[in-house]
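Those protein sequence lines, which keep their order, are chains A and B. According to the numbering used here, the first sequence holds residues 672 to 1204 in order. According to the numbering used here, the second sequence holds residues 100 to 896 in order. Ideal Cβ placement from N, Cα and C applies to all residues, glycine included. Have a look at the structure below, then the notes.
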Amino acid sequence: MSETVRTYSTQGGPRKRRLQGFRPRHAVLIVLLVLAGYAFWTTRDVHPIARFIPADQKYCIEFVELLETRTRIAQSSVWSALPESVLAGEVPVLLGLDPESAGAPPTGMFGWVFNNLVPGSLYLTGRDLETFEDVLVLSKMSRVGCLLERFHGLVPGVDADPAGGLGLRKVSDQGLYYAVRGRVLMASPSREALIRSLVLASEDAMSDEVLDAALGRAGREHVHGTVTLAEDDPLGHAFSSVGFAMRIDPSEAQVACRARLREAFRDQWHTLLDGAVPQPLTVPPNGMLTISADFGKPVRDVWTGLAEGLQRYGIEAISSEDWRAWEQPPEDTEIGPQHFFAGLLGPVGPGIRLSWCGVDLNEIVPVPEIAGTFDADAEAIQRFVDATPAAPDDALPWASFARYDEETQRVHLPMAGGPSIEPTAAPCAAGLLASTSKTVADTLVATVPTEHLPGEGNLYIHVRPHPCVEMIVQAGRLLVEQSLLRGHTPESYDATTGEWLASAASIEHVSTLVAVERDELRLDLSLVCTRAN
Amino acid sequence: MACERQRYQSNHRRRTRCVVVLLVWTVFSAANIANALEAGAAKTEITPPLGTPLNGYGDRLGRGAVAVHDQVWARCLYLDDGETNLFLVNTDLCFITRELRDRVLELAPKEVPPERIILTATHTHNGHGGMVRGLLLRSASGRFMPEVLESTAARIAETMRQAHSLRKRGAIGYGTGTQDGLSKNRRVDEGSTDPQIGVIRVEDADGAPIAILANFAAHPTSVGERDRLSVSADYPGYYYSELEKLAGSECVAMFTNGAQGNQTCGNPEERTGWPRTESIGRLLAGRVFDVADKLVCGDAKLTVGYAAPQLPRTIANNWFPPTTVLHTIEINDLLLTFFPGEPCVELGLRMRDRALERGYTAQFTVGLADDYLLYFAPTEYYAKPCYETAASFYGPFVENWFYREFSKLMTKGEPELDLPVRETPEVNARAGADWIRVEGGPYERGHQQGAAFAGRIVRKFEETVVAPCDSGALIPKAEWWTNAPSFINIATVAVPRLAIAARPMLEGLDERLLHEMDGMAAGAGLSFDACWLVHCASVLAAQTDVEALYGSPFCTMFAAVGDRAGADEVLVGRNFDWAGSDRPVVIDTVNERGQRFVRVGFGWTTGAFTGMNDSGLIVCAERVEALGRPSTEGPPIELVLREILEGANGLKAATAQLQAASHLRGYHVLVADSTSARVVEFGDESVVRKSTGGLLLGADSEGLEADDPRHARYTRAAKLLEEERILSVAEIQGMLVDAAPECQGQERIFNGTTRASVVFEPKARKMHVAFRQDDGSLGDYLTIDVKAQAKPAGSGS
């Protein structure tokens, strides 16, 4: 063993030897590893979306997997079918799709960047339900998106906004602010709203569970969400909150709503809504616009309930006093159609089916043809027949007195014009059939449907817009041909109604089912287009 | 050989002669064939299914038929003289709709060209309707039933085919009988009726009748109320049965109604219900058979006249198309004229007189032919409110239009000339007014004025008639009108209704003035009724609670008489006030009699608010609201003054004519000539006021309420007049621009609404006229020499 004193140092020696074998690529590798580690670390998904959503927001909407669904949504024929007034035509543009390219997604570098910035669901939330100026948009970016965002300084028009250390960015030409926390991207036209979201105390934010429950209240579809309404908000007088889910397919849209009724509103409509529980509804007679309703009460009470409810909003279109006067007219009153129908229909129900079957353009004046079937037992029908006053002995055969024809078991009321203005009622399989038109009554009486609609509810409405518009247009044309339609020449009329017809032609039908369940109103709406793009 | 040649030549000559004879015979026989009459007749039932609405009564409310009392028929006569063939169809319908005619012509046999197919309706009010597509006529005709239209048209066409296929050598004769009591005037007791029953008999070569046609004027409206919904041909149905019984079942009885607009069927046997209907039909058939039985038939030359002329303009232009169909048939010297609607009997009688004057030996008027344009009332009825005039929409001179148009289709005599029209006169804009000179007959003069001011007349119509109707100001306050939905263009219905309501105001107007208005309407491109509504819109508006369309007094006026006028003897000063924006117009008129008069007014009226004629007669009017609303019982004041200006000669006659206009209310009229002046005040009674101390004011300021602006105005005028011992034109001109600072608004003689100042020198036949300028001041006076044959107004100063 050597006695030589050995000196050990932390420098030189082995290190030197190691350095002698070091290659530059190793350094690059190390840097890359460090950077990767940094990137991985700083782009961890550490913040739930809910953490940035104030618990007191009035609305919160989720667009599920927007990048996957937006092309499909934008290309749906639903938007072109809706009136321009509801900005439906703008939807593809709002979704960032170029209408010129028929809604094709962005491509190239821009598309790649965009896809990484908003790869998943998109959330919209805010408090202002009138101007939406404080809308906050949230989304989770991909890691790549997060890293790309760090190079915002290279993008012209994006400026840093320190905001007291919050590190906002401002997209000047869009008037938009955004910030990134973890993988969460938040953007808003309102700087205050964005700051509020960033500094939100955890107890003031939504929890994941609460957010999830709120968004899925009416189901989970392409778009779903919830809206909380103050009394002075639009519809706020009626509902305290509304949850909805909307599915947009190439040629149809389904919307489900669950709305919480306000106590005061329910009181206003209590005559109509009390006792109303979802019921199986019978299919109405075929028509362009059909309604099936069951509010658990006879027609008289439905009318009264509607009249009282509408009266509170200053709408005097129908009145409960009128109905009473019609149902029990003074003895010297000449019986008109209103007396006929009120006397006939007052006690029947609760199932009510109404159909607008068309317009008889050839009548002495064009008249709509309306038919209805009503739940009624034989006793109720007999009561009405017995109550039909006999026409005076000297009455001419065509005088306007309600008459009962024993052979056909029909009650009819001759009026001006032909059979399309001859109210007629007859027993039928669904109870009682009544129509403004004898022709319609004769046609329908043996074929009224008795089966039930799928699902339960209190009110079902089904509209086929094109036949409705076409009928109205044809009736209007008769008027315009003789200069009886204000403000139109035949040419201007054709130009105007041509647009209506084209728009209506794109919708096959719209149907909605409404149910009242205690303090909640359930509405399921379906819009089906005639063509898919 | 020679013998053979001779024989050959002889045979050849003989053959040649035979050929020539044969050719000549062929030509002549062909000519004979061309002149030989062929005729055929057929009938087909057209009874509609029960439930089809019946036509003719609005109070049926379009309800469908519940029973068939007797069938209704289409009957057709085919005639062919070898050169001209025709179908004459009579149907038991109320009228021939355009839809029916168009479809029948599509389905008709092609052997006869469409312009020689004449469709007529008997006008039974129990025949089926349902063949009108337009909404407005559906109220009487019931709902539109395309299937009924189609089956009716098909059966009519089938009747034609049968008549054509049954044609045979025939002969034709015509004659007339008379009736007394089978018809009566339904509007005027003992009023005009047509005593003639026209008869045409068509027989075959054996003398057996093929068809007998009667032409008789009376509404088939004898069916009682309880049978209102029963299908029936009315009395023509009984006539057919009876005549075919008398003449033999092979004979097709035909019936065309005449000028029946105001004719109803009589009741000579004083029956009720169906027996009455039967009685008329039976009696008519008996008389027709008597005439037909005596007729000598032979060949005939047939001529069919056809035209599709442009109709006169109508106020109901949204209801009726612009053209119609007119037909005439001439059978030798018999003329049949076919009216596309319901002519009143006067039109039929006058048409006959005109035809006879032109050399025809007989004339039948047939109504309800080929089209339905409602009623045609004679000129003298147009102002009288009754059903027939209320359903007449082509102006008071529609009868003249028919005479003219039919005259163009007749082969005898010269066609009547179209109404004379002169070139549109030049409008000279001078001194703040437009000046024109119009000359010629009334229509020509009116046409010149209408054409010269067409734009402003049409605008006036839109502003004072259509717009107030559209806004509801000028429509009746009854429920039907006010409850109409807001999308309904109520003016389309309200304007014609207003026109009907305004027609009684025409009562008493000289027919020449009506012609002038007719010309003015034509010149402006409007209907007569529209033009008339422009004239009386202000009076109509005054009847409503809305603001009067002219809230203007159109005054001041005064006269200096005798010594106060110096050598002039009478001088009249007048400020013409008008609140509207209408540009003033000076119309210098020389009528067809050489009379001249000058009016200061507006282009849209033939009336005179201020004027003078070549005899020195002056008229001016002032509205005095305290004396009452203008009455609608006669023409507006400006038209009364206009008649006086053109017709009266001297102050006395003018005053008398004014006093005779008992309908006037709410006006003062100053009338003067070279000898004196008067003011006629039209309140509950008319009062004539003369000058006092050589002065005469439009209103006596002492009789006016102190808060009436006229009180201050006329007090001021009186003061100014009293200041001068003898007044001159210049002094009066100075007074007319007086705007005393202590007076405001209408209290001033020259106020914010004064549009023109006029000083009249009746003795010198001169008018000095000045107009308000754009800066509000009065312009320079221009002098108009109103002597006969003087140079036109506006051409000098």
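(request) Let me know the secondary structure DSSP gives Val-881 of chain A once reduced to three states. (result) Here the question's residue 881 of chain A lines up with position 210 in the first sequence. Three-state result, Val-881 of chain A: helix.
(request) Show which residues of chain B have a CB atom less than 7 Å away from the CB atom of Ala-988 of chain A. (result) Along the first sequence, read from residue 1 onward, the residue named residue 988 of chain A stands at position 317. Within 7 Å Cβ-Cβ: nothing; Ala-988 of chain A doesn't reach chain B, min ~14 Å.
(request) Whole angstroms is fine: what's the gap from Ala-252 of chain B's alpha carbon to Arg-200 of chain B's? (result) Within the second sequence, numbered from 1, the residue matching residue 252 of chain B stands at position 153. Within the second sequence, numbered from 1, the residue matching residue 200 of chain B stands at position 101. Their Cα atoms are separated by approximately 8 Å.
(request) Quick one: which unbroken beta strand (DSSP E) runs of 3-plus residues sit fully inside the stretch 376 to 429 of chain B? Chain order, please. (result) Taking only runs of at least 3 residues, the beta strand (DSSP E) segments lying wholly in the stretch 376 to 429 of chain B are 401 to 406.
(message) Using the Cβ count rule (16 or more neighbours within 10 Å means buried), how would you classify Tyr-984 of chain A?
(response) Mapped onto the first sequence, residue 984 of chain A falls at position 313. Exposed.
(message) For a contact defined as C-beta to C-beta under 9 Å, what are the partners of Pro-208 of chain B on chain A?
(response) Stepping through the second sequence from its first residue, residue 208 of chain B is reached at position 109. Proximity of chain A to Pro-208 of chain B at the Cβ level (cut-off 9 Å) is not reached, the minimal Cβ distance being about 30 Å.
(message) Under 8 Å, with one C-beta from each stretch per pair, do the stretch 1030 to 1042 of chain A and the stretch 231 to 238 of chain B reach the 3-pair mark?
(response) Judged by Cβ distances under 8 Å, the stretch 1030 to 1042 of chain A makes contact with the stretch 231 to 238 of chain B, as three or more pairs qualify.
(request) Return the Cβ separation of Gly-1043 of chain A and Leu-1067 of chain A in integer angstroms, given the expectation that the two are a contact with Cβ distance under 8 Å. (result) Residue 1043 of chain A sits at position 372 when you count from the first residue of the first sequence. Residue 1067 of chain A sits at position 396 when you count from the first residue of the first sequence. Not really, about 29 Å apart at Cβ, beyond 8 Å.
(request) Report yes or no: do the stretch 1181 to 1200 of chain A and the stretch 918 to 930 of chain A share at least 3 C-beta pairs separated by less than 8 Å? (result) The answer is yes - the stretch 918 to 930 of chain A touches the stretch 1181 to 1200 of chain A, with three or more Cβ pairs under 8 Å.
(message) For a minimum of 3 consecutive residues, which ranges assigned as the beta strand (DSSP E) are wholly contained in the stretch 811 to 841 of chain A?
(response) The qualifying runs are 829 to 832.
(request) Spell out the partners DSSP gives His-534 of chain B in its beta bridges. (result) By one-based count along the second sequence, residue 534 of chain B stands at place 435. Reading the sequence as shown, one finds Trp at residue 534 of chain B and not His. The partner list for Trp-534 of chain B (beta bridge, DSSP) reads B:Asn-527 and B:Val-685.
(request) Kindly give me the distance between the Cβ atoms of Cys-403 of chain B and Phe-437 of chain B, rounded to whole angstroms, as I take these residues to be in contact under 8 Å. (result) On the second sequence, position 304 is the one that residue 403 of chain B refers to. On the second sequence, position 338 is the one that residue 437 of chain B refers to. As written in the sequence, residue 403 of chain B is Val, which differs from the Cys given in the question. Actually they do not touch by this definition, with Cβ atoms about 10 Å apart.
(request) Kindly list the residues whose CB is nearer than 8 Å to the CB of Arg-285 of chain B, restricted to its own chain and excluding five residues on each side of it in sequence; keep chain order. (result) What you label residue 285 of chain B is simply residue 186 of the second sequence in a count that begins at 1. Taking Arg-285 of chain B as the centre and dropping the five residues before and after it, the same chain places the C-beta of His-318, Asn-361, Gln-362 and Thr-363 closer than 8 Å to its C-beta, in chain order.
(request) Verify whether the separation of the beta carbon atoms of Gly-218 of chain B and Thr-190 of chain B is less than 8 Å. (result) Here residue 218 of chain B corresponds to residue number 119 of the second sequence, with the count starting at 1. Here residue 190 of chain B corresponds to residue number 91 of the second sequence, with the count starting at 1. Before going further, note that residue 218 of chain B is Leu rather than Gly in the sequence given. Yes, they are a contact pair.
(request) Assign Glu-1077 of chain A to one of two classes, buried (16 or more other C-beta atoms within 10 Å of its C-beta) or exposed (fewer than that). (result) Translated into positions along the first sequence, residue 1077 of chain A becomes position 406. Exposed, by the Cβ-count rule.
(message) For Ile-132 of chain B and Leu-328 of chain B, what's the separation of their Cα atoms in angstroms?
(response) Within the second sequence, numbered from 1, the residue matching residue 132 of chain B stands at position 33. Within the second sequence, numbered from 1, the residue matching residue 328 of chain B stands at position 229. Per-residue confidence for Ile-132 of chain B stands at a pLDDT of 44, beneath the threshold of 50, marking its modelled position as unreliable; the derived number appears in the next sentence. Cα to Cα, the separation comes out at about 50 Å.
(message) Quick check: the Cα distance between Arg-695 of chain B and Glu-860 of chain B, rounded to an integer number of angstroms?
(response) Counted from its first residue, the second sequence places residue 695 of chain B at position 596. Counted from its first residue, the second sequence places residue 860 of chain B at position 761. Going by the C-alpha atoms only, they are around 16 Å apart.
(message) If you follow the alpha helix (DSSP H) that Tyr-1164 of chain A is in, where does it begin and where does it stop?
(response) Stepping through the first sequence from its first residue, residue 1164 of chain A is reached at position 493. Per DSSP, Tyr-1164 of chain A belongs to the alpha helix (DSSP H) from 1161 to 1176.
(request) On a CA-only basis, which of B:Gly-531, B:Gly-512, B:Ile-736 and B:Arg-728 is nearest Ala-641 of chain B? Give me that one, please. (result) Looking up residue 641 of chain B in the second sequence gives position 542. For the residues B:Gly-531, B:Gly-512, B:Ile-736 and B:Arg-728, the minimum Cα distance to Ala-641 of chain B belongs to B:Arg-728.
(request) To the nearest angstrom, report how far apart Phe-627 of chain B and Leu-1172 of chain A are at their CA atoms. (result) The residue labelled residue 627 of chain B in the question sits at position 528 within the second sequence. The residue labelled residue 1172 of chain A in the question sits at position 501 within the first sequence. Distance between the alpha carbons of Phe-627 of chain B and Leu-1172 of chain A is about 41 Å.
(request) Compare the C-alpha of Glu-377 of chain B against each of B:Cys-350, B:Ala-358, B:Lys-400 and B:Gly-336 and name the closest. (result) Position 278 of the second sequence, counted from the start, is the residue given in the question as residue 377 of chain B. In this structure, B:Gly-336 is the residue among B:Cys-350, B:Ala-358, B:Lys-400 and B:Gly-336 with its C-alpha nearest to the C-alpha of Glu-377 of chain B.
(request) Below 8 Å between beta carbons is the criterion; list the residues of the stretch 405 to 437 of chain B that meet it against any residue of chain A, in chain order. (result) For the stretch 405 to 437 of chain B, the set of positions with a beta-carbon nearer than 8 Å to some beta-carbon of chain A reads Asn-417 and Trp-418 in chain order.
(request) State the DSSP-derived secondary structure class of Val-247 of chain B, mapped to helix, strand or coil. (result) Translated into the one-based positions of the second sequence, residue 247 of chain B becomes position 148. Three-state DSSP puts Val-247 of chain B in a helix.
(message) Check whether chain B comes within 8 Å of Ile-1035 of chain A, counting only Cβ atoms and requiring the distance to be less than that.
(response) Residue 1035 of chain A sits at position 364 when you count from the first residue of the first sequence. The Cβ of Ile-1035 of chain A sits closer than 8 Å to at least one Cβ of chain B.
(message) Only counting the same chain, and skipping five residues up and downstream in sequence, which positions put a Cβ closer than 7 Å to that of Ala-1100 of chain A?
(response) For the purposes of this step, residue 1100 of chain A is taken as the residue at position 429 of the first sequence. The answer, listed in chain order, is Val-1119 and Thr-1121.
(message) In chain order, what are the residue ranges of uninterrupted alpha helix (DSSP H) at least 4 long that sit wholly in the stretch 739 to 800 of chain B?
(response) Runs found: 750 to 759.
(request) Could you run through the stretch 214 to 239 of chain B and flag, in chain order, every residue whose CB is less than 7 Å away from some CB of chain A? (result) Per Cβ criterion, the list reads Gly-233, Leu-234, Leu-235, Arg-237 and Ser-238.
(request) Give the straight-line distance between the Cα atoms of Asp-227 of chain B and Val-1111 of chain A, rounded to the nearest whole angstrom. (result) Position 128 of the second sequence, counted from the start, is the residue given in the question as residue 227 of chain B. Position 440 of the first sequence, counted from the start, is the residue given in the question as residue 1111 of chain A. The sequence shown places His at residue 227 of chain B, rather than the Asp named in the question. Approximately 24 Å between the Cα atoms of the pair.
(message) Using DSSP's beta-bridge definition, name the partner residues of Thr-219 of chain B.
(response) Position 120 of the second sequence, counted from the start, is the residue given in the question as residue 219 of chain B. Answer is B:Asn-189 and B:Ala-468, bridged to Thr-219 of chain B.
(request) Measure the alpha-carbon distance for Val-165 of chain B versus Glu-349 of chain B and round it to whole angstroms. (result) In the second sequence, residue 165 of chain B corresponds to position 66, counting from 1. In the second sequence, residue 349 of chain B corresponds to position 250, counting from 1. If I take the Cα positions, the gap works out to 32 Å.
(request) If I'm right that Pro-477 of chain B touches Leu-455 of chain B with Cβ under 8 Å, what's the distance once you round it to whole angstroms? (result) On the second sequence, position 378 is the one that residue 477 of chain B refers to. On the second sequence, position 356 is the one that residue 455 of chain B refers to. Actually they do not touch by this definition, with Cβ atoms about 18 Å apart.
(request) For the stretch 417 to 436 of chain B and the stretch 494 to 509 of chain B, state whether three or more C-beta atom pairs, one from each stretch, are separated by less than 8 Å. (result) The stretch 417 to 436 of chain B is in contact with the stretch 494 to 509 of chain B.
(request) Check the Cβ of Leu-1149 of chain A against every Cβ in chain B and list those closer than 9 Å, keeping chain order. (result) One-based indexing of the first sequence puts residue 1149 of chain A at position 478. The answer, in chain order, is Arg-232, Gly-233 and Leu-234.
(message) Buried or exposed for Trp-712 of chain A, going by 16 or more other Cβ atoms inside 10 Å?
(response) Within the first sequence, numbered from 1, the residue matching residue 712 of chain A stands at position 41. Of the residues assessed, Trp-712 of chain A falls on the exposed side of the cut-off, its CB having fewer than 16 other CB atoms within 10 angstroms.
(message) Within 8 Å of any Cβ in chain B, is that where the Cβ of Ala-1087 of chain A sits?
(response) If you number the first sequence from 1, residue 1087 of chain A lands on position 416. Under the Cβ distance rule, Ala-1087 of chain A counts among the residues neighbouring chain B, one pair being separated by less than 8 Å.
(message) Tell me which residue opens and which closes the beta strand (DSSP E) that Asp-1031 of chain A is part of.
(response) Within the first sequence, the letter at position 360 stands for residue 1031 of chain A. Taken as a continuous stretch (DSSP letters only), the beta strand (DSSP E) holding Asp-1031 of chain A covers 1022 to 1031.
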